[in-house]
Structure formats: C-alpha cells, structure tokens
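Notes follow once the structure below has been shown.
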Amino acid sequence: CDIRSLGYEEKRKLLATIEKAVAFVTTMIFQDGSSQLNSEQVLTSSVKGVVVLVKNQTDYPCLPGYSSTDCTWDAANEDDKLIYLKTEWSSLWEQEQQAHKKFTWQVLFQMLRCKVPIICFNAKDFLRTLLQVYGNEISWKQVADSVVLDPRIAAWLINPSDTVPSFECLIQKYFEKPFSVETVNTDTGPLRNTSYQNLGVNLEKLYNVMMDLAHDLQVQGLWKLFCTLELPLIKILAVMETHKIHVNKQELKKTSEILGLRLKELEQEAHQVAGERFLLTSSHQLREVLFEKLKLHTLCEKVHRTEIQQLVSTSEVVLNKLQDLHPLPKIILEYRQVHKMKSTYVDGLRMCMRKGFISSTWNQTGTATGRLSAKHPNIQGISKHPIRITKKQYIKGKEEEIVTISPRTLFVSKKGYTFLAADFSHIELRILADLSSEPELLKLFQEPETTDIFSSLASQWKGIPSEQVKHADREQAKRIVYSVVYGAGKERLADCLGTTPLQASQFIESFMQKYKKINEFTKKTIEQCRNKGYVVSIMGRKRPLANINAQDYKLRTQAERQAVNFVVQGSAADLCKMAMVEIFTSVVVSPNLTARLIAQLHDELLFEVEDSQIQEFS
DNA sequence: CTAGCGTCA
DNA sequence: GTATTGACGCTAG
1 CDIRSLGYEE KRKLLATIEK AVAFVTTMIF QDGSSQLNSE QVLTSSVKGV
51 VVLVKNQTDY PCLPGYSSTD CTWDAANEDD KLIYLKTEWS SLWEQEQQAH
101 KKFTWQVLFQ MLRCKVPIIC FNAKDFLRTL LQVYGNEISW KQVADSVVLD
151 PRIAAWLINP SDTVPSFECL IQKYFEKPFS VETVNTDTGP LRNTSYQNLG
201 VNLEKLYNVM MDLAHDLQVQ GLWKLFCTLE LPLIKILAVM ETHKIHVNKQ
251 ELKKTSEILG LRLKELEQEA HQVAGERFLL TSSHQLREVL FEKLKLHTLC
301 EKVHRTEIQQ LVSTSEVVLN KLQDLHPLPK IILEYRQVHK MKSTYVDGLR
351 MCMRKGFISS TWNQTGTATG RLSAKHPNIQ GISKHPIRIT KKQYIKGKEE
401 EIVTISPRTL FVSKKGYTFL AADFSHIELR ILADLSSEPE LLKLFQEPET
451 TDIFSSLASQ WKGIPSEQVK HADREQAKRI VYSVVYGAGK ERLADCLGTT
501 PLQASQFIES FMQKYKKINE FTKKTIEQCR NKGYVVSIMG RKRPLANINA
551 QDYKLRTQAE RQAVNFVVQG SAADLCKMAM VEIFTSVVVS PNLTARLIAQ
601 LHDELLFEVE DSQIQEFS
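Be aware that the first sequence starts at 1, since it is given in the UniProt record's numbering, and climbs by one per residue.
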C-alpha cells in the first residue's frame with residue numbers, strides 16, 4: 001500500500017502491524033527509478049522514497065537455528081505487507097504534506113525502535129539517508145539502537161575476496177542452490193523496473209537470501225562475528241558518514257598556490273639540467289632522458305626494472321641511487337613529493353569538499369582481511385609527514401621563506417571541540433607475540449621500560465642510545481620487522497634496509513634465529529591453510545586461499561604469505577572493530593557524552609569531543 | 001612482506 | 001573521445 005492514500009484508522013492499523021512484525025525488508029528508491037538492489041547505482045540520484053516489506057509470519061521460526069530445507073517464499077506470505085513511504089515532497093499541499101511527512105517518519109521510527117531486524121542491502125546507506133532526511137527528528141543515538149541485517153556483509157564474511165557482490169549475484173548464488181525457483185527472467189534486466197510489485201518480489205528474494213546466508217554463517221562459525229561486530233559497525237559507519245569534518249578552506253587554497261609555484265620552479269630547474277624540455281610526470285619521458293640520453297644507469301650497478309616490460313625503473317629507490325651522479329634525480333624526487341602533496345592531499349581534498357566540510361565514505365566490505373577502507377577522501381591515507389618547501393617571497397625584507405605543509409593540520413575541529421585520538425600500540429606485533437608465544441617477543445612487551453618496541457629495536461640494531469633514535473630510524477625498524485615476519489625476500493629487504501641482498505639474507509637468518517617461534521607459527525598456519533583451504537583470525541574471520549596448494553611456485557608462496565598476514569592483520573582488524581563497537585556503545589548509553597567518531601585509521605580511532613567532556617570521555 | 005586508495009600515462 | 005591497466009607513492013600493520 002501507498003501510505004498517502006491511508007485514512008486515520010488505516011494508519012493506526014498499519015502502525016499496529018508494524019508493532020507485530022517479525023522482520024522488515026527494505027530498500028530506498030531513487031529519482032531515476034532505481035533502487036538499492038540495482039547494482040552500483042550512482043549517488044547523484046536523490047532519494048524518492050522507501051519501500052518496506054513487512055514480514056508478519058516467518059518461514060524460519062527462529063532465526064539462528066532454523067532448517068533451510070522448507071523455504072517456500074512464493075506461497076507463504078499473504079499476510080506480508082508491502083508499503084511505500086515517500087520521503088520527498090513537492091511544495092504543493094502544505095497541510096497534507098506535513099501530515100504525511102509526520103506519519104512517514106512515525107513508521108520509520110517505529111521500525112527502528114521495535115528491535116525487529118531490518119534487512120537491507122547496503123543498510124549503511126539506508127541508515128545514513130534516514131539520519132540526513134530526519135536529522136531534526138531523529139538523533140544519531142536512536143539509530144544506534146536499531147537492528148539491521150545486511151546480506152551483502154554476510155556474503156562478504158563468507159567470501160571476503162568477493163569485495164562487491166551485487167544483489168543479482170547473491171540471488172544467483174543463493175537461489176539456484178536449494179532448488180530452482182520459477183526464474184521469470186525479470187532479474188536479468190531489472191534495471192529500469194519501477195514496478196513496486198516487482199520490487200516486492202525482489203525484497204522477498206532478498207529476505208530469503210538473507211536467511212540462507214544466516215544459515216551459512218552459522219555453519220561456518222561466522223554468526224557471532226556477524227552479529228557482535230559487523231552488524232553494529234553498520235550503524236557506526238552510518239553515523240560517522242553523517243558527521244562533517246571542517247576543513248580550513250583558505251589555508252587549502254593558499255597551500256595549493258604555494259605548491260603550484262614550487263612545481264613550476266622545479267620544472268624549470270629540471271629542464272635546465274636535462275638540457276631539454278620534457279614532461280616531468282611522465283615516467284616514459286623521464287626514462288628517455290635519464291637512461292637513453294644521460295645513460296645514468298650504466299654508472300650504477302643493478303637497477304630495478306619494471307615487472308612487465310623489463311624497462312629500467314624510475315622509482316624512488318633507483319632515483320635515490322642516482323642522486324650523486326646528476327642533479328636531475330634529486331629534482332625529480334622533490335617534484336614528485338610536491339606534486340603528490342598538491343594533487344592528492346590539497347587539490348584532491350578540495351574536490352571532496354562541500355561548503356567547507358568533508359565526509360569520507362566508508363566501505364565495510366572493501367578488504368579481504370576485515371579492515372575498513374575509506375574514499376572521497378581516503379582519510380586513512382592522508383600523509384602524516386609534513387614537507388618543507390622554500391617559498392620565494394617577493395616581499396621586501398626577506399627573499400625567501402621556508403614553509404612546512406602537513407596535510408593533517410588542514411582538518412580542524414569545531415569551536416569548543418577538540419580532536420582526540422586513541423590508538424593501539426604495535427597491535428599486529430602484539431598479536432604475533434600472542435599467537436606464536438615467542439618468549440623473546442613476549443618479554444619485550446612485558447618489560448615496563450619498553451615504551452616503544454620499534455625504537456628499542458632501532459637503538460639495538462644501530463647501536464645508538466634510545467634517546468638518539470630519530471623518527472626515520474624507528475620507521476625503518478618497523479618496516480624491517482613487518483617485512484621479515486611476513487616473509488620478505490632478501491632483495492626487497494635490501495631495498496628496505498639500504499644494504500646488499502647478501503647482508504639482508506644474513507639479517508633474516510639472525511632474526512629467525514632469535515625469534516624461532518615466529519617461524520614455527522608461520523609454518524603452522526601455512527600447514528593449516530593447506531589442510532583446510534582457509535585461515536582463521538582470532539574472532540573467527542575466514543579467508544579462503546585457493547592458491548595455497550597451487551603448482552605455480554609464485555602463486556603458492558604468495559598465498560602462503562597472505563595466509564600468515566591474514567591471521568595477524570585480520571585479528572588486528574577484529575580487535576580494532578571491537579574497540580569501535582565498545583566505545584561507541586558506551587557513548588550511546590551515556591546520557592551526557594556527545595563524542596563523535598570522525599575516522600578509523602586501522603589501529604587508531606579519532607573522535608571530536610566537547611572540550612568539557614575530554615576528561616570523562618578519555 | 002600484507003592490506004588499501006588516488007593520480008597519471 | 002572514453003575506459004581500463006600498470007606503475008608509483010602515500011597510508012596502516
């Protein structure tokens with residue numbers, strides 16, 4: 001039914017039906033007639049309304065422990081109701097509109113409140129839209145109370161390599177499995193179908209797919225992970241996406257100009273020392289200048305080559321080696337740094353800006369390891385390190401000035417609020433210590449004087465006092481540790497270490513000697529993966545690795561490294577998500593705390609906290 | 001070494 | 001002219 005045509009009594013009845021419902025299956029529909037079930041619809045189309053299938057009887061009596069053999073979706077739902085809620089209004093009919101609008105959100109509010117599962121494909125988008133449309137009526141803490149189920153996330157838990165399963169794919173997979181359902185070929189070309197009847201059928205299918213997925217999750221031991229971690233996260237991400245982060249617009253414009261000027265200078269310098277004009281951003285043209293004209297690679301032994309075409313690489317490692325032979329490499333290196341800074345972190349950020357604010361889009365199913373990913377902007381990838389550039393100033397007094405540009409400072413907290421970050425320290429290494437029970441590694445963590453493992457290791461390896469360990473040393477130590485434990489080859493480690501491959505392999509040897517149990521752990525997880533075909537994280541997250549028994553050496557060893565890495569990185573992702581859920585719920589439960597989550601940077605949570613609440617919140 | 005995303009050719 | 005791919009460089013561990 002369309003709620004616009006309902007009388008008072010009918011509305012009351014509808015609310016009563018909702019009260020008794022056992023599940024809701026819902027999707028948003030857009031201006032262009034598409035719905036959330038139409039794979040990868042564009043965000044440009046605005047939301048027209050919401051269609052809800054109200055399930056009043058259940059084909060699956062109790063959700064967790066049902067048997068899936070008797071699913072007869074086509075005949076068993078006479079009591080189910082399909083309702084259409086319009087959320088967008090023309091300016092006509094002021095009076096009636098108000099009434100409709102109010103009733104619409106009454107319905108939606110009750111759906112959220114009554115703790116009955118709301119099944120939605122891409123539920124995060126649904127919740128976010130609700131928060132955006134009814135921002136004045138519904139607080140984010142109320143959305144946090146709802147119970148949502150997302151089949152897409154369920155499917156991803158079962159197969160995390162399949163990073164974007166579409167609705168159509170799920171239908172195919174889970175419908176043709178038990179028995180073929182009257183496959184009217186409407187789902188091969190459903191894209192423009194605005195018929196609600198058809199949508200009703202699709203929602204019914206979605207419901208059944210979710211039930212099948214729920215069953216599979218249980219069979220595979222993923223149900224708890226799904227319910228306690230991934231489902232609550234949907235709401236957290238929806239709330240996070242509705243929060244806007246303020247960006248210093250003027251500063252952004254100014255730094256863009258400064259960087260642009262510096263790029264021009266560097267371009268001129270490069271042309272001068274090269275003796276010809278060429279495009280600095282083109283690796284092809286650079287290769288011609290560097291190696292065909294100047295023949296710099298002949299003065300230097302062993303230079304990296306590109307994987308496919310076996311051309312001489314123009315990568316950072318090669319350019320670093322060529323630094324002393326010619327002034328050009330250094331200029332290119334700085335050009336690339338400044339260019340990256342400008343295009344990605346400054347201009348890229350400006351592109352994402354709406355009225356002085358940005359808000360990332362979070363993808364819960366974007367990785368194979370359970371980590372989150374973000375885009376527009378990728379707030380997890382914004383450079384930490386500032387760069388220094390010399391700015392020629394044409395103001396009298398001083399000729400030039402050194403300015404430092406650090407992209408992270410471009411984000412500013414609201415007035416009266418401050419950013420608060422909470423992060424795990426060395427989380428993957430701690431997990432590795434725990435899983436391998438390596439005594440030497442465990443000892444390092446238990447010693448109270450070790451405040452920073454990587455700094456300690458850096459001072460140990462370099463033979464310098466820990467106070468003198470610089471940031472770069474620590475960073476290098478960190479890269480080395482992770483490289484070695486995840487199975488780096490000697491060549492790659494040599495690049496990392498800045499030594500010869502021979503020394504690198506000796507380093508690997510002594511590392512393995514000192515931390516024997518790490519090697520045992522590695523072997524054990526590869527062995528388990530070979531037997532079962534998949535690996536498992538602390539919270540039971542799974543990653544099937546089809547290539548683990550492959551004939552091809554390259555493919556097989558890659559799968560082996562992925563297996564080891566997954567167990568550690570996936571477990572770290574589990575813990576970070578647990579932290580997110582726990583902190584979020586404690587804020588929701590608190591009557592006075594208002595702290596908002598801004599971003600998750602894998603092992604770090606960034607909040608915006610009211611100044612007066614910093615103590616209590618932290 | 002493993003995960004990602006953005007930019008450029 | 002538009003779409004895809006590989007190389008590169010930044011993030012996180």
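All C-beta atoms, glycine included, are put in the ideal place defined by N, C-alpha and C.
Using alpha carbons as the reference points, say which of Ile245, Asp452, Lys264 lies closest to Met353.
-> Checking every option, the nearest Cα to that of Met353 belongs to Ile245.
Going straight from the alpha carbon of Thr369 to that of Trp140, what length do you get?
-> Looking at the two C-alpha atoms, the distance is approximately 29 Å.
Thinking C-alpha only, which one of Lys340, Tyr207, Ser436 is nearest Leu259?
-> The candidate whose alpha carbon is nearest that of Leu259 is Lys340.
Closest residue to Gln132 among Thr87, Phe521, Gln218 (Cα-Cα distance) | The shortest Cα separation from Gln132 among Thr87, Phe521, Gln218 belongs to Thr87.
DSSP three-state call for Met240: helix, strand or coil?
-> Judged by DSSP in its simplified three-state form, Met240 adopts helix.
Beta carbon of Leu372, beta carbon of Gln562: below 8 Å?
-> Not closer than 8 Å, so no.
One or two residues paired with Asn363 in a DSSP bridge | In the DSSP output, where bridge partners are listed per residue, Asn363 has Ser373.
How long is the line joining the alpha carbons of Lys470 and Phe454, rounded to whole angstroms?
-> If you take the alpha carbons of Lys470 and Phe454, they lie about 11 Å apart.
Flag this pair as yes or no: are the beta carbons of Ala21 and Val54 separated by less than 8 Å?
-> Going by C-beta atoms, Ala21 is nearer than 8 Å to Val54.
Just confirm the distance between the C-beta atoms of Arg128 and Ala238, as a whole number of angstroms; I'd bet it's less than 8 Å.
-> Contact flag correct, Cβ pair sits at about 4 Å.
For Asp495, three-class secondary structure by DSSP = When secondary structure is reduced to three states using DSSP, Asp495 falls in the helix class.
Run through the segment 99-135 for me and flag every whole alpha helix (DSSP H) of 4 or more residues, listed as ranges in chain order.
-> Segments of the alpha helix (DSSP H) lying fully in the segment 99-135: 123-133.
Is the distance from the Cβ of Gln364 to the Cβ of Leu233 below 8 Å?
-> Against a cut-off of 8 Å, the Cβ pair of Leu233 and Gln364 comes out as a contact.
Since Glu334 contacts Leu266 with CB under 8 Å, what's their CB separation in whole angstroms?
-> Yes, Glu334 and Leu266 are in contact; Cβ-Cβ is about 6 Å, under 8 Å.
Roughly how many angstroms separate the alpha carbons of Pro448 and Leu442, rounded to a whole number?
-> In this structure, the straight-line span from the alpha carbon of Pro448 to that of Leu442 is close to 12 Å.
Decide yes or no for the touch test of the segment 373-382 against the segment 590-607: beta carbon pairs closer than 8 Å, at least 3 of them.
-> Flag = yes, the segment 373-382 and the segment 590-607 touch.
Helix, strand or coil at Arg305 according to DSSP, with G and I counted as helix = DSSP places Arg305 within a strand segment (E or B) once states are collapsed to three.
Quick check: the segment 428-436 against the segment 560-575, are there 3 or more CB pairs under 8 Å?
-> The segment 428-436 vs the segment 560-575: in contact.
Can you tell me the Cβ-Cβ gap for Arg18 and Thr104, rounded? I've got them flagged as a contact below 8 Å.
-> Checking the sequence, you will find Ile at residue 18 rather than Arg. Between the beta-carbon of Ile18 and that of Thr104 there is about 12 Å, and that puts the pair past the 8 Å contact cut.
CB-CB length for Ser256 against Val403, believed under 8 Å = Not quite, the Cβ-Cβ distance comes to about 13 Å (not below 8 Å), so this is no contact.
Return the residue from the list Lys293, Arg408, His284 that minimises the CA-CA distance to Asn248.
-> When each option's Cα is compared against that of Asn248, the closest is Arg408.
Endpoints, alpha helix (DSSP H) assigned at Met351 = Start and end: 348-352.
For Ser46, which residues from the same chain have a beta carbon less than 6 Å from its beta carbon, with the 5 sequence-adjacent residues on both sides left out?
-> For Ser46, same chain residues with a beta-carbon under 6 Å away, outside a window of 5 residues either side, are Gln31 in chain order.
Assess, as a yes-or-no matter, whether the segment 604-612 is touched by the segment 381-393 under the definition of 3 or more beta carbon pairs within less than 8 Å.
-> With a cut-off of 8 Å, the segment 604-612 and the segment 381-393 do not count as touching, because too few Cβ pairs lie within range.
Per-residue burial, Phe357 [other beta carbons within 10 Å of its own, 16 or more giving buried] = Of the other Cβ atoms in all chains shown, fewer than 16 fall within 10 Å of the Cβ of Phe357; this residue is therefore exposed.
Check whether the Cβ atoms of Leu15 and Gln98 sit closer than 8 Å, and answer yes or no.
-> Cβ atoms of Leu15 and Gln98: not closer than 8 Å.
Quick one, are the C-beta atoms of Ile171 and Leu149 less than 8 Å apart?
-> Taking 8 Å as the Cβ cut-off, Ile171 and Leu149 do not qualify as a contacting pair.
How should His284 be labelled, buried or exposed, when 16 other C-beta atoms within 10 angstroms of its C-beta is the threshold for buried?
-> Around the Cβ of His284, a 10 Å sphere holds fewer than 16 other Cβ atoms; the residue is exposed.
With 16 other CB atoms within 10 Å as the buried threshold, where does Ile526 fall?
-> It counts as buried.
What is the residue span of the beta strand (DSSP E) that Phe607 lies within?
-> Start and end: 604-610.
Look up Met28 in the DSSP assignment and give the residues it is bridged to.
-> For Met28, the beta-bridge partners assigned by DSSP are Val50.
Drop a sphere of 10 angstroms on the beta-carbon of Thr451, count the other beta-carbons inside from all chains shown, and report buried for 16 or more, exposed for fewer.
-> By the neighbour-count criterion, in which 16 or more other beta carbons inside 10 Å mark a residue as buried, Thr451 falls on the exposed side.
N-terminal and C-terminal residue of the alpha helix (DSSP H) that His284 is part of = Counted as a single uninterrupted DSSP element, the alpha helix (DSSP H) harbouring His284 occupies residues 283-287.
Element boundaries [beta strand (DSSP E), containing Arg596] = It spans 596-600 - the beta strand (DSSP E) in which Arg596 sits, taken as one unbroken run.
Starting from the Cα of Ser146, find the closest Cα among Glu520, Asn38, Ala123, Leu493 and give me that residue.
-> When only C-alpha atoms are compared, the closest one is Ala123.
Cβ-Cβ distance between Ala154 and Leu203 below 8 Å = For Ala154 and Leu203, no; Cβs fall outside 8 Å.
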